[in-house]
Amino acid sequence: MSDDLERLTALNRDYVASVQNCDVKRFDEILAPEFYCSNPDKTLVDRAAFLEQTARPIAIRNLHAHDVIIRIMGEFAIIHATTSYTTADGQQATGRYTDCWAKKNGKWLAVSAHVSR
Numbered sequence: 001m002s003d004d005l006e007r008l009t010a011l012n013r014d015y016v017a018s019v020q021n022c023d024v025k026r027f028d029e030i031l032a033p034e035f036y037c038s039n040p041d042k043t044l045v046d047r048a049a050f051l052e053q054t055a056r057p058i059a060i061r062n063l064h065a066h067d068v069i070i071r072i073m074g075e076f077a078i079i080h081a082t083t084s085y086t087t088a089d090g091q092q093a094t095g096r097y098t099d100c101w102a103k104k105n106g107k108w109l110a111v112s113a114h115v116s117r
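Take 1 as the starting number for the sequence shown in full-length UniProt numbering and just add one per residue.
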């Protein structure tokens, strides 16, 4: 496994854990200044709004990524995955996400995310 693939695999695990744990500090470290996220409710939020929404407790539990596909194209990477989680009312549910990463000064940063449920 290449260094970039290993690093992006670890960053993807961190990203999913940070969503589940409302870890604003970790997102502040790995989001590019120009980061945008399209949410399941169809809203588009910038980095500051994403950090604000991350700080709010989430209603889902047991969030896990499956079928992770990482495509590296030089200094750019796309990560696709499915998710499974437990809803606030205890139901099992699934979703998908696509995250785009850019390597800047040797460090991978998330530049965009698209989440669907």
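Beta carbons are placed, not taken as given, at the ideal position from N, Cα and C, and that holds for glycine.
All values derive from a computational prediction rather than experimental measurement.
When the distance is taken between beta carbons, is Leu51 closer than 8 Å to Phe76?
Here residue 76 refers to the residue found at position 76 of the sequence shown. Here residue 51 refers to the residue found at position 51 of the sequence shown. Cβ distance not < 8 Å, so Phe76 and Leu51 don't count as in contact.
Ile78 in three-state terms, based on DSSP
Residue numbering aside, residue 78 sits at position 78 when the sequence shown is read from its first letter. In this structure, Ile78 counts as strand in the three-state DSSP scheme.
Among Gln91, Lys103, Gly95 and Glu29, which one has its Cα closest to the Cα of Ile78?
Within the sequence shown, the letter at position 78 stands for residue 78. Per the Cα distances, Lys103.
With a threshold of 8 Å, are at least 3 pairs of Cβ atoms found where one atom belongs to the segment 39 to 46 and the other to the segment 56 to 73?
Judged by Cβ distances under 8 Å, the segment 39 to 46 makes no contact with the segment 56 to 73, as fewer than three pairs qualify.
When the Cα of Arg7 is compared with those of Thr94, Val111, Trp101 and Tyr97, which residue comes out closest?
Taking the first residue of the sequence shown as position 1, residue 7 is located at position 7. Relative to the Cα of Arg7, the nearest Cα in the group Thr94, Val111, Trp101 and Tyr97 belongs to Trp101.
Span of the alpha helix (DSSP H), counted from its first residue to its last, around Asp41:
The sequence position of residue 41 within the sequence shown is 41, counting from 1. Element bounds for Asp41: n/a, residue is neither H nor E.
Give every residue of the same chain whose Cβ lies closer than 8 Å to the Cβ of Cys22, excluding the five residues on either side of it in the sequence, and list them in chain order.
If you number the sequence shown from 1, residue 22 lands on position 22. Residues Thr54, Ala55, Arg56, Pro57 and Ile58 of the same chain have their beta carbon placed closer than 8 Å to that of Cys22, with the five preceding and five following residues left out of the count.
Here's the rule I'm using: 16 or more other beta-carbon atoms within 10 Å means buried, otherwise exposed. How should Asn12 be labelled?
Locating residue 12 in the sequence shown gives position 12, where the first residue counts as 1. Asn12 sits buried, since 16 or more C-beta atoms from the chains shown fall within 10 Å of its C-beta.
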